Amino acid sequence: ASKNTPAVGKTICTSPTIKKVSFTGSTGVGKTLMSQSSSTLKKLSFELGGNSPFIVFDDADLKSAVAGAITSKFRSSGQTCVCANRIYVQSGIYEAFTSAFVEAVGKFQMGSGFGEGITHGPVINAKAVAKVDEHVQDAIKNGAKLLAGGQKLPELGANFYAPTILGGMNAEMKLANEETFGPVAGLFKFDTEKEVIDLANASEVGLAGYFYSQDIQRVQRVAEAMEVGMIGVNTGLISDPAAPFGGVKESGFGREGSKYGVGEYMVTKMVTYGGNSTPVKA
850 ASKNTPAVGK
860 TICTSPTIKK
870 VSFTGSTGVG
880 KTLMSQSSST
890 LKKLSFELGG
900 NSPFIVFDDA
910 DLKSAVAGAI
920 TSKFRSSGQT
930 CVCANRIYVQ
940 SGIYEAFTSA
950 FVEAVGKFQM
960 GSGFGEGITH
970 GPVINAKAVA
980 KVDEHVQDAI
990 KNGAKLLAGG
1000 QKLPELGANF
1010 YAPTILGGMN
1020 AEMKLANEET
1030 FGPVAGLFKF
1040 DTEKEVIDLA
1050 NASEVGLAGY
1060 FYSQDIQRVQ
1070 RVAEAMEVGM
1080 IGVNTGLISD
1090 PAAPFGGVKE
1100 SGFGREGSKY
1110 GVGEYMVTKM
1120 VTYGGNSTPV
1130 KA
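The opening position of the sequence shown corresponds to residue 850 in this note's numbering, with each subsequent residue numbered one higher.
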């Protein structure tokens, strides 16, 4: 039963027999497990929460950027740790992007995943619905403009929430500072590269980030400046078994996947042979 989960975690983390713990989940639980593991100095790797920025610069390919944002934000109805949570769009392309984005989201079909033509289903539980709606209502209360969705869909069944787009967002809103983990896209307008880098990095977590630009020099600058463990350049998909997966800051440490993921389960041993004139016997 779920009520026993904390006890199971504590048993694993405090056991001297278990030498390695890998955890995927919330930052709060990760901190608890890290504290519990300190008594045995375990090797740890944590993949924790995110609040991914998705940046669209003026020189981006509009069609590609919209498609990437749709994929990154609304895949699994926004319930992935690397989904776009804050969408920053430069002022010169903001209106065109917003119009195309709203049009694309308007084509979604909600319902059971077994239904014909259905593109999106419910979120995981009532608690998730409540958090999604809390972020939407907070944004509207503080000046955001509702561009699509914004309501529960009980007629479709439990835990359905309409794919939602909010315009005119600002950094003080809950969506800007917390992981929504649901089908809500907040659009933030920005003017300069420095401004958006500061906004993107103004988070305690740093799992993934995305940006669209056709300027190769900007690509190098922004990729280096973003405080995240994974970056998608001109793509909304970054996960691959052959690539290292993980974050920085309070998104955790260590990597899953690739040779680096294997390395998380290994230790390095150094052996030095002294200058003995007698050869080592077979």
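Cβ coordinates follow ideal geometry from the N, Cα and C atoms, glycine included.
Only a predicted model underlies this, so the values are computations on that prediction, with no experimental measurement involved.
| Item | Value |
| --- | --- |
| So what does DSSP say about GLN928, is it helix, strand or coil? | coil |
| Please determine if the stretch 1004-1012 and the stretch 941-949 are in contact, where contact requires at least 3 C-beta pairs separated by less than 8 Å. | no |
| State the beta-bridge partners of MET1079 as determined by DSSP. | ALA1057 |
| Output the residue ranges of the alpha helix (DSSP H) runs that lie fully inside the stretch 1069-1118 and measure 4 residues or longer, sorted by chain position. | 1107-1112 |
| Does the beta carbon of HIS969 sit closer than 8 Å to a beta carbon anywhere in chain B? | No chain B is part of this structure, which consists of one protein chain only. |
| Alpha carbon to alpha carbon, how far is LYS869 from GLU1027? | 29 Å |
| With the cut-off set at 8 Å, would you say LEU1036 and GLY1016 are in Cβ contact? | yes |
| Assign VAL1033 to one of two classes, buried (16 or more other C-beta atoms within 10 Å of its C-beta) or exposed (fewer than that). | buried |
| State whether the stretch 859-868 contacts the stretch 879-890, with contact taken as three or more CB pairs (one from each stretch) at a distance under 8 Å. | yes |
| Using beta-carbon positions only, say whether VAL1097 and GLU1073 come within less than 8 Å of one another. | no |
| What separation, rounded to the nearest whole angstrom, lies between the Cα atoms of VAL1071 and VAL954? | 28 Å |
| Mind checking whether LYS1043 and SER940 have CB atoms under 8 Å apart? | no |
| Counting pairs of Cβ atoms below 8 Å between the stretch 1047-1066 and the stretch 1086-1103, do you hit three or more? | yes |
| Name the two residues that bound the continuous beta strand (DSSP E) containing GLN1063. | It is not in any beta strand (DSSP E) - GLN1063 carries neither H nor E in the DSSP assignment. |
| Tell me the DSSP secondary structure of SER864 in three-state form. | coil |
| Distance check for THR889 and GLN1063, CA to CA, integer angstroms please. | 49 Å |
| Expressed to the nearest angstrom, what Euclidean distance is found between the alpha-carbon atoms of THR866 and LYS891? | 10 Å |
| Taking just the CA atoms, how far does GLU965 sit from GLN958? | 10 Å |
| For THR1127, report the span of its beta strand (DSSP E) as first-last. | First-last for THR1127: undefined, no H or E at that position. |
| Are the beta-carbon atoms of ALA933 and SER901 separated by less than 8 Å? | yes |
| Among all the DSSP beta bridges, which residues are the ones paired with GLU896? | THR873 and GLY1101 |
| What is the DSSP secondary structure of GLY879, reduced to helix, strand or coil? | helix |
| In the structure shown, what three-state DSSP assignment does SER901 receive? | strand |
| Is ARG935 near PHE903, with beta carbons less than 8 Å apart? | yes |
| Have a look at GLN986, PHE963, ASP987 and ALA1007 and flag the residue whose alpha-carbon is nearest the alpha-carbon of ILE973. | ALA1007 |
| State the Cα-Cα distance for the pair SER851 and GLU983, rounded to the nearest angstrom. | 25 Å |
| Taking LEU1024 as part of the alpha helix (DSSP H), name the residues at either end of that continuous run. | 1023-1026 |
| Less than 8 Å between the C-beta atoms of PHE895 and GLY879, yes or no? | yes |
| Between which two residues does the beta strand (DSSP E) harbouring GLN939 extend? | 933-939 |
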